[in-house]
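This report refers to the structure that appears directly beneath it.
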Amino acid sequence: MNRSRPLRALVTLGPTHEPVDEVRFIGNRSSGRMGVAIAGALSAQGCRVRVLAGPCQPAGLDSLPDVLRFRTAEELRHLLGLWWADFDLLVMAAAVADWRPRAPRAGKARREDGPISIELEPVPEILGTLISRPDQFVVGFALEPADALVASARSKLTRKRADCIVANPLATMDSDTVDGVLLWPDACESPPGGPCSKDRFAAWLVARVLPAAAARCGIR
Ligand code: CTP
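Under my numbering, the residue at position 160 of the sequence shown is numbered 225, and the numbers go up by one with no gaps.
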């Protein structure tokens, strides 16, 4: 099928906040900047981009035209269930929590109540259980210790059922630069010139991924 229309891309970004009570949460240090850079690079290539953004306020997010917000992993799962079918490409850059409080308290826990324990339960997998059509294309992300970067990300590529996966060392979080690699089932590549700014990495990533995503959904 040869369709000539803008490719529709869904980009998730930022952390999740998992409630402990009505005022506190467990979160992570994801800034959302990589996702904003990718959304910008996709728009610059003529894609129609919707962003699903967690609780973060990276520079540039406000100027993106189509942003929906989530707070928890469950809210992100709900938004993906609502919208993924309307898109061709998913870039899953959100840093989803691995654990969440099993029973968030109503109201506000008081210090005078003494020490408290918070029981954590695993957050169910979102990307690896997402239902995609054969004409849709999925880019996953993986945050890994530098010494196990490629091996660990390669196993995630299969587990997450992604078409390719961006693997970043832990130091990427909160940093201005990226030292990531892009893993395909049969290849591994990185931007020429080594570590670079998030904007530059995003432009390189989009140039690598867009042709494959466009071919998958039959867009010229
Ligand atoms: N992800 C997801 N659902 C989760 C956790 C992560 O969909 N519950 C997605 C992330 O958005 C990312 C990819 O899976 O695209 C890898 O996230 P990462 O945190 O590196 O992997 P985990 O599966 O959480 O494994 P671990 O933290 O144990 O390495």
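Glycine residues also receive a C-beta, built at the ideal position from the N, C-alpha and C atoms.
At a cut-off of 7 angstroms, the beta-carbon of Pro189 counts as near the ligand CTP: some heavy atom of the ligand is closer than that. For Met157, the shortest separation between its Cβ and any heavy atom of the ligand CTP lies below 7 angstroms.
Per the coordinates, the alpha-carbon of Leu155 lies some 37 angstroms from the alpha-carbon of Ser182. In the structure shown, Ile284 falls within a strand segment according to DSSP collapsed to helix, strand and coil. Residue pairing from DSSP places Ile230 in a beta bridge opposite Gly205 and Leu248.
Secondary structure note for Thr223: it is in no beta strand (DSSP E), and the uninterrupted alpha helix (DSSP H) holding it is Leu214 to Arg224. Cβ-Cβ distances below 8 angstroms link Leu235 to Leu208, Glu209, Pro210 and Ala211 in the same chain, with the five nearest sequence neighbours on each side left out; the list follows chain order. By the CB criterion at 8 angstroms, Leu75 and Leu141 fall outside the cutoff. Apart from the 5 residues on each side of it in sequence, Arg219 sits with its Cβ closer than 7 angstroms to the Cβ of Leu248 in its chain, given in chain order. In this structure, DSSP gives Ser262 an extended state, which the three-state scheme calls strand.
In the three-state DSSP reduction, Ile191 falls in the coil class, being neither helix nor strand. At a cut-off of 7 angstroms, the beta-carbon of Gly205 counts as near the ligand CTP: some heavy atom of the ligand is closer than that. Pro256 sits close to Arg265, with the two beta carbons spaced by under 8 angstroms. With respect to Leu72, Ala278 sits close: the two C-beta atoms are nearer than 8 angstroms. For the stretch 73-143, the full-length alpha helix (DSSP H) segments reaching 4 residues or more read 98-109 along the chain.
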